[in-house]
Amino acid sequence: MKTVFKNISKIKYEGPKSRNPLAFKHYNPAEVVEGKTMSEHLRFSVVYWHTFRNALSDPFGVGTAVRPWDDGSNSVANAENRARVAFEFIEKLGAPFYAFHDRDIAPEGQTLSETNKNLDAVVKVLKTEQQRTGIKLLWGTANLFSNPRFVHGASTSCNADVFAFAGAQVKKALEVTHELGGAGYVFWGGREGYSTLWNTNMKRELEHLAKFLHMAVDYKKKIGFKGQFYIEPKPKEPTKHQYDSDAAACLNFLREYDLMGHLKLNIETNHATLAGHSMQHELEVAGSAGALGSVDANTGDELIGWDTDQFPTSIYLTTQIMLTVLKYGGFTTGGLNFDAKVRRESFEPVDLFHAHVGGMDAFARGLKIAAAIRKDGRLAEFVKQRYASWDSGIGAKIESGKSNFTELEAHMLKQGEVTTNVSGRQEFLENLINEFI
Ligand code: XLS
Ligand code: NI
Ligand code: NI
327 MKTVFKNISK
337 IKYEGPKSRN
347 PLAFKHYNPA
357 EVVEGKTMSE
367 HLRFSVVYWH
377 TFRNALSDPF
387 GVGTAVRPWD
397 DGSNSVANAE
407 NRARVAFEFI
417 EKLGAPFYAF
427 HDRDIAPEGQ
437 TLSETNKNLD
447 AVVKVLKTEQ
457 QRTGIKLLWG
467 TANLFSNPRF
477 VHGASTSCNA
487 DVFAFAGAQV
497 KKALEVTHEL
507 GGAGYVFWGG
517 REGYSTLWNT
527 NMKRELEHLA
537 KFLHMAVDYK
547 KKIGFKGQFY
557 IEPKPKEPTK
567 HQYDSDAAAC
577 LNFLREYDLM
587 GHLKLNIETN
597 HATLAGHSMQ
607 HELEVAGSAG
617 ALGSVDANTG
627 DELIGWDTDQ
637 FPTSIYLTTQ
647 IMLTVLKYGG
657 FTTGGLNFDA
667 KVRRESFEPV
677 DLFHAHVGGM
687 DAFARGLKIA
697 AAIRKDGRLA
707 EFVKQRYASW
717 DSGIGAKIES
727 GKSNFTELEA
737 HMLKQGEVTT
747 NVSGRQEFLE
757 NLINEFI
């Protein structure tokens, strides 16, 4: 096979003392943590869109990315070649998974049937590459936001023909995800939202979104696709208000429209912060509802107010994420999907390696630190003790549903005042966490 990353050999684990920028210092795939290997815990995935399709443009300038293997054309041959390059990259990196939108992997044609043919051609190459390398598809999705037909949204468009097109597109995307053995399928509401309420029937649009997802659930059953469905919260961008705005809004929507059993959440760090939440908060909301499915592992910039999709480097952040993931039992179908892009200034191919190696090492450290905090047990014990008043007496009675206001009044009349509050010890706990970092 022709190689494009000639000067880069397979990235190896060399340990914390290594000074090789193209080696893992902490991600040791076979190392066992809490009874599972690191690679089983972390389930890293490379995204096709940012890593192989993002030209690194911004609103003020054209793309800067140097990608010598890409002839810049919209041809199927270029897409097929790109697929081989993608697998060379993922294989050298040592990530077990990848993820794509239908339009990342193959160009749109003049008609839907031509587009589907293009997709089939590239899927064939992807399938061969998956078999050759053992790399698997974490999830597939459909791009229902780039083409101008989706100007008013896809399933929430005011135009029923657009809903129909989106349905046809997702049907095909589900088929190819199934064909490639995908472990999941993501619905991110690209333009499912509004820019102004003056022209919007919100109730009708939400009902259409729910109908669309029910059709997807039906079709999934019909073709026997066993992968997990996810919905990915994001509050804004491209629309002013996205309907899947945060984890709580998504859960409410899923419950309202009887979809809770069919979709879990794919939580993205930068979307959490855009929504005014921490990633830990979003994971906790999803996890406590039994709906924590997968993670789009990136980060925003504290000083920039949009979805910068940067590679995660903060150990504090990865520790919080892995503590929460472990708390809810770890990933099953999901994983850590690097929905992240290199900066416009980082335009050379080798930057793609630096970015992923750094992200993987940051998460490996987060995992090890989280496991150490759990083994130590002081944090969990503190939280347990904090709620001890609920384990017996009046607390236990309330929790078991056996109390009422009359009894509560009698309890407090007898006691007179609450005398049992103790400190929340936030600083003590922050120091405790830092002992491990
Ligand atoms: C965009 C989203 C998108 C989804 C997949 O902000 O993160 O990349 O993950 O459609
Ligand atoms: Ni994402
Ligand atoms: Ni994003």
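Using this note's numbering, you'd call the opening residue of the sequence shown number 327 and step up by one each time. Ideal Cβ positions, reconstructed from N, Cα and C, are used throughout, including at glycine.
Output the distance between the C-alpha atoms of residue i and residue j, rounded to the nearest integer angstrom.
{"i": "F551", "j": "Q741", "result": "59 Å"}
{"i": "A432", "j": "E756", "result": "48 Å"}
{"i": "N747", "j": "A574", "result": "30 Å"}
{"i": "V402", "j": "I337", "result": "30 Å"}
{"i": "L585", "j": "L438", "result": "29 Å"}
{"i": "L678", "j": "A612", "result": "31 Å"}
{"i": "F471", "j": "N354", "result": "38 Å"}
{"i": "E505", "j": "L705", "result": "45 Å"}
{"i": "G692", "j": "I630", "result": "25 Å"}
{"i": "E360", "j": "N473", "result": "45 Å"}
{"i": "G714", "j": "Y642", "result": "Gly is not the amino acid found at residue 714; the sequence shown has Ala there. Distance between the alpha carbons of A714 and Y642: 28 Å."}
{"i": "P347", "j": "K590", "result": "36 Å"}
{"i": "A447", "j": "R712", "result": "59 Å"}
{"i": "L739", "j": "H603", "result": "40 Å"}
If you check the beta carbons only, do residue i and residue j fall under 8 Å apart?
{"i": "D665", "j": "H352", "result": "no"}
{"i": "H427", "j": "T363", "result": "no"}
{"i": "V392", "j": "E674", "result": "yes"}
{"i": "Y511", "j": "L535", "result": "no"}
{"i": "W632", "j": "E743", "result": "no"}
{"i": "Y556", "j": "G616", "result": "no"}
{"i": "A688", "j": "P638", "result": "yes"}
{"i": "T659", "j": "G553", "result": "yes"}
{"i": "T595", "j": "A623", "result": "yes"}
{"i": "R369", "j": "G661", "result": "yes"}
{"i": "I461", "j": "F413", "result": "yes"}
{"i": "L580", "j": "I593", "result": "no"}
{"i": "T565", "j": "R517", "result": "yes"}
{"i": "F423", "j": "L463", "result": "yes"}
{"i": "T390", "j": "R670", "result": "yes"}
{"i": "I647", "j": "I695", "result": "no"}
With a 10 Å radius around its C-beta and 16 neighbouring C-beta atoms as the bar for buried, classify residue i as buried or exposed.
{"i": "E558", "result": "buried"}
{"i": "G507", "result": "exposed"}
{"i": "W465", "result": "buried"}
{"i": "N469", "result": "buried"}
{"i": "T522", "result": "exposed"}
{"i": "W514", "result": "buried"}
{"i": "S371", "result": "buried"}
{"i": "P394", "result": "exposed"}
{"i": "F754", "result": "exposed"}
{"i": "G479", "result": "buried"}
{"i": "P342", "result": "exposed"}
{"i": "E455", "result": "buried"}
{"i": "F731", "result": "exposed"}
{"i": "F386", "result": "exposed"}
{"i": "L649", "result": "buried"}
Going by DSSP, which residues form a beta bridge with residue i?
{"i": "F664", "result": "V372"}
{"i": "S749", "result": "Paired residues: none, contrary to the question."}
{"i": "I337", "result": "DSSP, once it has assigned bridges, lists no residue as partnering I337."}
{"i": "G510", "result": "Q554"}
{"i": "T625", "result": "Q636"}
{"i": "E594", "result": "D622"}
{"i": "T454", "result": "Per DSSP, none; premise fails for T454."}
{"i": "A425", "result": "V373, W465"}
{"i": "A349", "result": "K338"}
{"i": "G519", "result": "Q568"}
Mapping the DSSP letters down to three states, classify residue i as helix, strand or coil.
{"i": "H588", "result": "coil"}
{"i": "F551", "result": "coil"}
{"i": "F386", "result": "coil"}
{"i": "S483", "result": "coil"}
{"i": "Y569", "result": "coil"}
{"i": "T459", "result": "helix"}
{"i": "I320", "result": "Absent from the model: residue 320. The displayed extent of the chain is 327 to 763, so no value can be given."}
{"i": "V358", "result": "strand"}
{"i": "T503", "result": "helix"}
{"i": "W465", "result": "strand"}
{"i": "F673", "result": "coil"}
{"i": "T329", "result": "coil"}
{"i": "G721", "result": "helix"}
{"i": "T363", "result": "strand"}
{"i": "G613", "result": "helix"}
{"i": "K418", "result": "helix"}
{"i": "H603", "result": "coil"}
{"i": "I763", "result": "coil"}
Should residue i be listed as close to ligand 4, given that the test is whether its C-beta is under 7 Å from any heavy atom?
{"i": "D570", "result": "Among the ligands in the structure shown, ligand 4 does not appear; only ligand 1, ligand 2 and ligand 3 can be found there."}
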